[in-house]
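To keep things clear, I will list the structure first and then write my remarks on it.
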Amino acid sequence: MSNPRLAQLNRRLPGLRVLAEAGDLEHYGRDWTRRWTPAPLAIALPDTVEEVQAVVRWANDERVAVVPSGGRTGLSGGAVAANGELVLSLERMNRVLDFNAVDRTLTVQPGMILQQVHEAAHEHGLVYPVDFAARGSCSIGGNIATNAGGIRVIRHGNTREWIAGLKVVAGNGELLELNRGLIKNSSGYDFRQLMIGSEGTLGIVVEATLKLTEPPPPSRVMLLALPDMGALMEVFALFRARLALQAFEFFTDVALQHVLAHGAQRAIEGNHPYYVVAEFDAADERQQEAALVAFERALEQGWVSDGVIAQSEAQAAALWRLREGITESLAPRRPYKNDVSVRVSAVPGFLEEMQALLANEYPGIEVVWFGHIGDGNLHINVLRPDDLAEAAFIAQCEQVTRLLAATLQRHGGSISAEHGIGLVKRAYLASTRSAAEIALMQGVRKVFDPHGILNPGKLFEAD
Ligand code: MLT
Ligand code: ZN
C-alpha cells in the first residue's frame, strides 16, 4: 500500500479487501469495450452492505471517484476505470438472501451472476425472465444499472419491469430502502425506478428484490431466411398476429458468417441476406399448426425464402447460437457499437434511411447488423479494417454516429436502447434527451451524490 490514499483507506477500513496489483487493476478497470486503458487507483471488494457504505463514506470525505463494478460485460464503458478511480466490485456479494413463495420474489445481492439468478428461480419452479447472451458473466447489479433488455423483452419487458425493491447506497453513504417489494405503492416519487438505468451515477445497488413468474409454456424455435429487408417487418407483423412470440431476433448474412467462422453450425443452405430466429409458444397442436400456417403464408408472399424448425432442445440451442453467438464472434475485432431504438412502427422508415446512411458513410468497411427487431432495437457493429489506425477508425465511427443520432432524432428514437450511455454514447445524449431533461438529470444526480463521486464522467460529458 505505497499509495498514500490507499494507505489511508487501509487505516480507516483495515478489514476491507483491497487489490492493487497491476494485473488486478487491468482486470477490474475495463469492460467489454476494451477501448480505454485501465488505470484505477485500486479495487475494493466489500463483503457487506456496511462495508459498501463505509467505502462510499470514505470516498465522499476524500473526494475519491468510485466506479461500481459487476461482471463488466457492459458495451458502453459504464464500468471502465481509466482515471485513478476506486473500483468498488460487488462480486463477493453474490448470494441469494431470500425467496418468498407468497410474494413470488427472490432477494439477491448485486454481484450474483444472471445465470445463477435464473437457476435460483428455477429451483422454486419459477423464472426470472430477463435473459441475454452475457447471462453467464453479467451481474444482476449491472443489469439493474443499465436497465438491461435482451432477447425476451418482446414478451416480458426490460429489467425495469422485474424489480420489486432495491437497497441502494447513495453518494453520501446513506442506505436507501426503495419500494420494499410492494406491488402497490402510491406514496410519491419512485426512486427505485430512478435508480434502474442510472448507470451507477446515483447510488450503488446492494440488494435487489426480483419479481419471478411462471415458466413460459413449451416453445419451438424457428430460423427463417429472408430475401430482403422489406420482408422483415411483414414477417414480424404476421408472426405477432398469429403466434404468441417469446422472441423475434434478426441478423444479417454478414453476422452469420462470423458466427459460423466461430464454430456454429449452418442450419439453412444457400445465400440469404437476412435471417430471423423466432421462438413462440407451442403448448399444443393448435399452436404448432398456427406456426406452420404462418410460415407457409410468409413463403407464399415471398417474405421468406427458407426456414427450419428445431425438432429438439439441442437443435433449438443450435439455432439460438446463430443469433446469440454474434457478439462473442466479433469480440476479438473490438467493434465500434451502436445500439439504437425506435418505436416498432417507425422501424421500416428508419431502417431505410439508416441503411442508406451506413452504405454511404462506411464504404469498404464491414458493418454487422443484428438485434431485437421486435422491440425496435438494432445493433450495429462496425469492424475496423486492418489498414485503418484505431484513432482514425473511432473518429470516423463517431462522425457517422453523429449522423445516425440526427436520423434517430427525426424518427423519435434513442441513441442507446439497452447498453447504456457510459463513456461511449455520452456525446450523443442530447440527441435523445432534451437540454431541459439533461439539466434535470444532473440536478437529480447532485441530490443523490452531492460531491459527484459515483461513476463521474459516465452518462454526462460534463458533471
Ligand atoms: C446482443 O444483443 O447480442 C448485444 O446486446 C449486442 C452487441 O453486442 O452489440
Ligand atoms: Zn442486445
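Note that my numbering has the sequence shown beginning at 1, numbered continuously upward.
The beta-carbon is built from N, C-alpha and C at its ideal position, and this holds for glycine as well.
Quantities reported herein were computed from a predicted structural model and do not represent experimental measurements.
Neighbour-count burial assignment, residue i, 16 or more Cβ in a 10 Å radius
i, result
"residue 360", "exposed"
"residue 43", "buried"
"residue 265", "exposed"
"residue 271", "exposed"
"residue 53", "buried"
"residue 449", "buried"
"residue 217", "exposed"
"residue 247", "buried"
"residue 274", "buried"
"residue 169", "buried"
"residue 332", "exposed"
"residue 159", "buried"
"residue 324", "buried"
"residue 281", "buried"
"residue 95", "exposed"
"residue 190", "exposed"
"residue 516", "Since the first and last residues shown for the chain are 1 and 463, residue 516 lies out of range."
"residue 381", "buried"
"residue 413", "buried"
"residue 75", "buried"
"residue 249", "buried"
"residue 136", "exposed"
"residue 338", "buried"
"residue 469", "Because the chain in this structure spans residues 1 to 463, residue 469 falls outside the shown range and cannot be described."
"residue 48", "exposed"
"residue 109", "buried"
Check whether residue i and residue j have beta carbons under 9 Å apart
i, j, result
"residue 243", "residue 267", "no"
"residue 24", "residue 77", "no"
"residue 174", "residue 97", "no"
"residue 342", "residue 411", "yes"
"residue 63", "residue 453", "yes"
"residue 146", "residue 456", "no"
"residue 215", "residue 126", "yes"
"residue 90", "residue 46", "yes"
"residue 473", "residue 276", "The structure shown does not extend to residue 473, since the chain spans only 1 to 463, so no value can be given for it."
"residue 114", "residue 138", "yes"
"residue 187", "residue 259", "no"
"residue 305", "residue 241", "no"
"residue 141", "residue 204", "yes"
"residue 408", "residue 350", "yes"
"residue 70", "residue 111", "yes"
"residue 17", "residue 58", "no"
"residue 131", "residue 144", "no"
"residue 149", "residue 375", "yes"
"residue 82", "residue 37", "yes"
"residue 373", "residue 340", "no"
"residue 426", "residue 461", "yes"
"residue 213", "residue 129", "yes"
"residue 171", "residue 60", "yes"
"residue 429", "residue 459", "yes"
Cross-strand partners of residue i (DSSP beta bridge)
i, result
"residue 251", "275 and 370"
"residue 379", "339 and 370"
"residue 107", "98 and 209"
"residue 448", "According to DSSP, residue 448 bridges with nothing at all."
"residue 307", "224"
"residue 203", "170"
"residue 386", "Per DSSP, none; premise fails for residue 386."
"residue 416", "339"
"residue 280", "220 and 245"
"residue 139", "113"
"residue 13", "Looking at the DSSP assignment, residue 13 forms no beta bridge with any residue, so it has no partner."
"residue 18", "44"
Limits of the alpha helix (DSSP H) - the one that residue i falls within
i, result
"residue 122", "114-123"
"residue 24", "22-28"
"residue 44", "It is not in any alpha helix (DSSP H) - residue 44 instead sits in the beta strand (DSSP E) that spans 42-44."
"residue 88", "Looking at the DSSP string, residue 88 is not in any alpha helix (DSSP H); the run it does join, the beta strand (DSSP E), is 86-89."
"residue 127", "Careful: residue 127 lies outside any alpha helix (DSSP H) and carries neither H nor E."
"residue 61", "49-62"
"residue 83", "No alpha helix (DSSP H) holds residue 83; DSSP gives it neither H nor E."
"residue 330", "326-330"
"residue 347", "347-361"
"residue 194", "191-195"
"residue 296", "285-300"
"residue 153", "153-156"
Residue range of the beta strand (DSSP E) that includes residue i
i, result
"residue 220", "219-226"
"residue 177", "175-178"
"residue 164", "163-170"
"residue 66", "66-69"
Proximity test, Cβ basis, 9 Å: residue i and chain B
i, result
"residue 13", "Going by chain labels, chain B is absent from the structure shown, which holds only one protein chain."
TODO: Let me have the residue list for ligand 2: C-beta closer than 7 Å to any non-hydrogen atom, ordered along the chain.
DONE: 132, 149, 150, 339, 371, 372, 377, 379 and 418
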